[in-house]
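See structure below.
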Amino acid sequence: MTPERYQKIRRVLARRQPTLTVLMDEVNKPHNFSAILRTCDAVGVLTAHAVPPKSGVLPTFDATSGSAHKWVAVQRQPDAVTAVRQLQAAGMQVLATHLSQRSLDYREPDYTRPTCVLLGAEKWGVSDEAAEIADTNIVIPMFGMVQSLNVSVAAATILFEAQRQRLSAGMYDTPQLAPAELDRLAFEWAYPDLAAGYRERGERYPALDEAGQLVR
Ligand code: SAM
């Protein structure tokens, strides 16, 4: 671990937005799943949520994702309705990407609030049930012959609007993670194998100095 690499890890973590997330509902194509994670990394999503497709297996990482899966944790969820309720109970507004009578233009919501963007499966989109219990339905206006965008393109469009609003609000200027949480994640990102060993033994991570070296 070089000091430069460790400082980059800390800079990235200092911009992570624990109050911004996505819920992927049965997104089944690995290149879409990975592209969404890559966008999550770019805008600062700390943890993404995903309901696996019917196979029960979350689509695996593919070569185009630039290893974003290493930097964005994925929390597996049993189904979209349970996940929406759980995220709402944790204080998030859930914005379902779904065309309905109450759909808003995706630029209208306030993304500086704790927010989860619910994304649907490539074939059938967000279920009516999940869309109904979501706080709001949002759409990216479409003026062409085709009815929908690729799910990873839709995710990027919406998440960069969230990034724009959060940048204006100064939410990338001060760390949104608590100091102890930032230190914990910095250790895990810098020394993933060592961290796994400490966790297995139930031990606390050792302190690191400013250059990312273990303090003996
Ligand atoms: N046949 C599906 C339907 O009727 O919803 C199309 C699903 S679309 C290919 C896959 C996902 O991409 C959607 O569930 C949504 O999350 C996102 N998406 C695509 N186009 C969108 C748009 N114009 N606005 C918002 N989300 C969109």
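If you read the sequence shown in the numbering used here, its first letter stands for residue 1062, the second for the next number, and so on.
The C-beta atom is built at its ideal place from N, Cα and C for all residues, glycine as well.
Owing to the predicted nature of the structure, the values given are computational and were not obtained by experimental measurement.
Taking L1074 and L1238 to be in contact with their CB atoms under 8 Å, please state how far apart those CB atoms are, rounded to whole angstroms.
Along the sequence shown, read from residue 1 onward, the residue named residue 1074 stands at position 13. Along the sequence shown, read from residue 1 onward, the residue named residue 1238 stands at position 177. The pair is a contact, with the Cβ atoms about 6 Å apart (cut-off 8 Å).
For the beta strand (DSSP E) that L1180 lies in, which residues bound it at each end?
Here residue 1180 is taken as the residue at index 119 of the sequence shown, counted from 1. Looking at the DSSP string, the run of the beta strand (DSSP E) that includes L1180 is 1176–1180.
DSSP state of R1245, grouped into three classes?
The residue you call residue 1245 lines up with position 184 of the sequence shown. In this structure, R1245 counts as helix in the three-state DSSP scheme.
Counting C-beta neighbours from all protein chains within 10 Å, is the total for M1260 16 or more, i.e. buried, or is it exposed?
By 1-based counting over the sequence shown, the position of residue 1260 is 199. Inspection of the sequence shows that residue 1260 is occupied by Arg rather than by Met. Classification of R1260: exposed, given that the 10 Å Cβ count is below 16.
Quick one: which unbroken beta strand (DSSP E) runs of 3-plus residues sit fully inside the stretch 1101–1175? Chain order, please.
1108–1112, 1134–1137, 1154–1158, 1164–1166
Answer yes or no: do Q1149 and G1105 have a C-beta to C-beta separation smaller than 8 Å?
Your numbering for residue 1149 matches position 88 in the sequence shown. Your numbering for residue 1105 matches position 44 in the sequence shown. Their beta carbons are not under 8 Å apart, which means Q1149 does not touch G1105 by this criterion.
Check for me: the alpha helix (DSSP H) holding I1199 runs from which residue to which?
As a first step, residue 1199 is located in the sequence shown; it is residue number 138 there, counting from the start. Note, I1199: premise wrong, no alpha helix (DSSP H); beta strand (DSSP E) at 1197–1200.
Can you confirm whether the stretch 1187–1201 touches the stretch 1157–1169 when touching is taken to mean that 3 or more C-beta pairs between the two stretches lie within less than 8 Å?
Between the stretch 1157–1169 and the stretch 1187–1201, the count of Cβ pairs shorter than 8 Å is three or higher; the stretches touch.
For a test of your reading of the model: does the CB of M1206 fall under 7 Å from any non-hydrogen atom of the ligand SAM? Yes or no.
What you label residue 1206 is simply residue 145 of the sequence shown in a count that begins at 1. No, the ligand SAM has no heavy atom inside 7 Å of this Cβ.
Thinking C-beta only, is P1175 closer than 8 Å to T1100?
Within the sequence shown, the letter at position 39 stands for residue 1100. Within the sequence shown, the letter at position 114 stands for residue 1175. One thing to note: T1100 has its Cβ no nearer than 8 Å to the Cβ of P1175.
With DSSP as the reference, label T1218 as helix, strand or coil.
On the sequence shown, position 157 is the one that residue 1218 refers to. Looking at T1218 - three-state DSSP - the assignment turns out to be helix.
DSSP beta-bridge partners of M1206:
Here residue 1206 corresponds to residue number 145 of the sequence shown, with the count starting at 1. Note: M1206 sits in no beta bridge, so no partner.
DSSP state of D1254, grouped into three classes?
As a working note, residue 1254 is residue 193 in the sequence shown. Here D1254 sits in helix by DSSP.
Extent of the continuous beta strand (DSSP E) run through L1269:
Within the sequence shown, the letter at position 208 stands for residue 1269. Taken as a continuous stretch (DSSP letters only), L1269 belongs to no beta strand (DSSP E), as it is neither H nor E.
Taking 8 Å as the cut-off, decide whether the C-beta atoms of L1243 and P1236 are in contact.
As a first step, residue 1243 must be located in the sequence shown, where it is residue number 182. As a first step, residue 1236 must be located in the sequence shown, where it is residue number 175. Contact check for L1243 against P1236 passes: the beta carbons are separated by less than 8 Å.
Starting from L1084, follow the alpha helix (DSSP H) in both directions and report where the run begins and ends.
The count along the sequence shown starts at 1 and reaches residue 1084 at position 23. Per DSSP, L1084 belongs to no alpha helix (DSSP H); it is in the beta strand (DSSP E), 1081–1086.
Nearest to T1082 by CA position, among T1063, G1152, E1249, L1107, is which residue?
Along the sequence shown, read from residue 1 onward, the residue named residue 1082 stands at position 21. Residue L1107 is the option with its Cα nearest to T1082.
Report buried or exposed for N1211, applying the criterion of at least 16 other Cβ atoms within 10 angstroms of its Cβ.
Taking the first residue of the sequence shown as 1, we reach residue 1211 at position 150. Its Cβ having fewer than 16 others within 10 Å, N1211 is exposed.
Please say whether A1111 and V1135 have beta carbons closer to each other than 8 Å?
On the sequence shown, position 74 is the one that residue 1135 refers to. On the sequence shown, position 50 is the one that residue 1111 refers to. Contact: yes.
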